[in-house]
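When the letters of the sequence shown are read in order and numbered with the numbering used here, they come out as residues 41 to 468.
Let me begin by presenting the structure, written as structure tokens, before commenting on it.
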Amino acid sequence: MNISPSTAPLASPTARRVPPAAAIGGWTLLVLSYLINAMDRQVFYPLLPEISAEHGFSLSQGGLLATGFTLGIAVAGLPAGYLVDKASRKKVLVVSVALYSAGTLVTPLSSGFADMAVYRLLSGAGEGMQATALYAVVGSFFALRRSFAFGALGAVFGAGVFLGPLAGTTMAQHFGGWHTPFFFYGTAGLVLAVLIGLLVRRGVTDLDAAGARGVELPADHVPASTFNRNTAMLGLACVSGGLVFYGFLGLYPTYLRTHLHYTAAEAAVAASVIGAGAATSILTGWLADRYNPRTILLSTYLGVAVSAWLVFNGSPGHAWQYTMSFILATFIAGSAFTTLNSTMQRAVRPRRVGRAAGMFVSTYYVAAAFSGLLFASLVGALGWRGAALWQLTVLPLATLIPLWFLDARKLIKPRRARALRGGNQPNG
């Protein structure tokens, strides 16, 4: 991902004056904050049995805590989307990183379900603010290669998903139990919040998506309203994606440990393999900049349905589980998340990318918030295979219906920029 101000697409005049070294340093800190975000949210899942044992949580309570923090992400998404279109994105980023880090830091201090749920929601609200602001920054700075940029960011998230469980379980085993990784990740995030506030220039974060460097993205064919047919169809697909990915991510390690009798370390490897699948987003992002996103999304959700069925109906052996969970993560985290995110921004005019980012975050994560509880309830009623059939296979197949009605003709075409007349002119 080229971040040189001389070649960064659609950067504002302020952004173009940022020296390359400052731009690279700023993006390094922003990417690190997103990496820590991914690592600290993923460490909860493989440690859930230990957390539940200490506090006496039921499977449903544990499932709600595992994914319920995403309700905070969802609630923060839309307000943050409007905020980053009108206020300093840098300030939103600093506050958001500090907020989710504080929530992580106090989680081990919980005395029971109620206060832990509050701390998880606090952490989720910070993550939602950060995600919305960062997606808007990426969508503006790399507007001509938006999907590829989101793919690269997704690869960073995948690295966090991969490293978080491994590092977290190692710290838990050798340095004071499950509390330690939460203290570590929370402290690391607070340090990054301070560094972002001191060192990242607003020319990196607060730039104009509508036109710069003498080019604009044609958007006259895109509906003027943020809420249109395409954003509605994409919103439905986001709801499905959140239910599938976080339902799977939140309770799959529990399924491995309680049903297939994997050890904590083996379940952590499986969770990390999911991160490796998410890291393939850099390839799917490259594809989404070149091919019809409707076709990519239809193929993606079909792949989700098939691979999820194979995870829960195939061999219990390690090789099969690791391979199929990697393939499922490639579809749902590598392809669906990246393509939905970038396409949602291409379904609105450039000056509304913050609101589009907020819509994506809210629709995706409001479903994710209840995905663990839903999955756990289905497990109680239907068993693991029955629950996986309905939530992870039938639901993605049903999502093919709204995706079929996605109108690619009314999306911004990233590879068809045109020269501006008379300098930089806002579009839309």
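Think of the CB as a built atom: it goes at the ideal place given N, C-alpha and C, for glycine as much as any other residue.
All figures in this text were calculated on a predicted structure; none of them were measured in a lab.
Alpha carbon of residue i to alpha carbon of residue j, nearest angstrom
{"i": "Gly117", "j": "Glu90", "result": "31 Å"}
{"i": "Leu337", "j": "Ser375", "result": "8 Å"}
{"i": "Gly290", "j": "Gly343", "result": "20 Å"}
{"i": "Arg129", "j": "Thr303", "result": "43 Å"}
{"i": "Val255", "j": "Ala264", "result": "Per-residue confidence for Val255 stands at a pLDDT of 48, beneath the threshold of 50, marking its modelled position as unreliable; the derived number appears in the next sentence. Answer to the nearest angstrom: the Cα atoms are 20 Å apart."}
{"i": "Gly237", "j": "Leu69", "result": "10 Å"}
{"i": "Tyr74", "j": "Trp430", "result": "32 Å"}
{"i": "Ser180", "j": "Ala408", "result": "26 Å"}
{"i": "Trp349", "j": "Leu435", "result": "12 Å"}
{"i": "Thr383", "j": "Leu104", "result": "30 Å"}
{"i": "Ala427", "j": "Asn353", "result": "12 Å"}
{"i": "Gly35", "j": "Val393", "result": "Lying outside 41 to 468, the shown extent of the chain, residue 35 is not represented and no answer is given."}
Secondary structure of residue i, DSSP reduced to three states
{"i": "Phe84", "result": "coil"}
{"i": "Thr303", "result": "coil"}
{"i": "Ile236", "result": "helix"}
{"i": "Ala55", "result": "Because Ala55 sits at a pLDDT of 41, beneath the cut-off of 50, its placement in the model cannot be relied upon, and the following sentence gives the value as read from the coordinates. Helix, per DSSP."}
{"i": "Phe223", "result": "helix"}
{"i": "Val255", "result": "Low confidence applies here, because Val255 scores a pLDDT of 48, under 50, leaving its location unreliable and the question unanswered by this model."}
{"i": "Leu451", "result": "coil"}
{"i": "Tyr159", "result": "helix"}
{"i": "Thr320", "result": "coil"}
{"i": "His95", "result": "helix"}
{"i": "Pro60", "result": "helix"}
{"i": "Phe377", "result": "helix"}
Contact check, residue i vs residue j, beta carbons under 8 Å
{"i": "Val401", "j": "Ile113", "result": "yes"}
{"i": "Leu293", "j": "Pro86", "result": "Correcting the residue type first, residue 293 is Pro in the shown sequence and not Leu. Against a cut-off of 8 Å, the Cβ pair of Pro86 and Pro293 comes out as a contact."}
{"i": "Leu437", "j": "Ala345", "result": "yes"}
{"i": "Ala127", "j": "Ala397", "result": "no"}
{"i": "Val473", "j": "Ala63", "result": "With the chain covering only 41 through 468, there is no way to say anything about residue 473."}
{"i": "Gly226", "j": "Ala157", "result": "no"}
{"i": "Val234", "j": "Val71", "result": "no"}
{"i": "Gly469", "j": "Ser411", "result": "No answer is possible for residue 469: it lies beyond the span of the chain, which begins at 41 and ends at 468."}
{"i": "Ala142", "j": "Leu174", "result": "no"}
Contact set for residue i: own chain, Cβ-Cβ below 8 Å, skip 5 residues either direction
{"i": "Arg449", "result": "His261"}
{"i": "Leu443", "result": "Met273, Ala277, Arg334, Leu337, Leu338 and Tyr341"}
7 Å Cβ shell around residue i - same chain, five flanking residues per side excluded
{"i": "Ser100", "result": "Leu413, Ala416 and Ser417"}
{"i": "Ala228", "result": "Ile76"}
{"i": "His219", "result": "Pro148"}
{"i": "Ser150", "result": "Met156 and Tyr159"}
Beta-carbon contacts of residue i that lie in its chain and below 6 Å, excluding the five residues immediately before and after
{"i": "Arg253", "result": "The predicted position of Arg253 is uncertain, since its pLDDT is 41 and thus under 50; a value taken from the coordinates is nonetheless stated next. Correct list: empty, nothing qualifies."}
{"i": "Thr403", "result": "Gly275, Cys278 and Val279"}
{"i": "Gly200", "result": "Leu75, Ala78 and Met79"}
{"i": "Gln82", "result": "Val201, Gly204 and Pro205"}
{"i": "Gly315", "result": "Gly198, Val201 and Phe202"}
{"i": "Val313", "result": "Tyr362, Ser365 and Phe366"}
{"i": "Gly325", "result": "Ser187, Phe188, Phe190, Gly191 and Thr378"}
Whole-number beta carbon distance between residue j and residue i, since they are thought to touch under 8 Å
{"i": "Leu368", "j": "Val351", "result": "6 Å"}
{"i": "Leu446", "j": "Asn268", "result": "Incorrect: roughly 11 Å between the Cβ atoms, too far for contact."}
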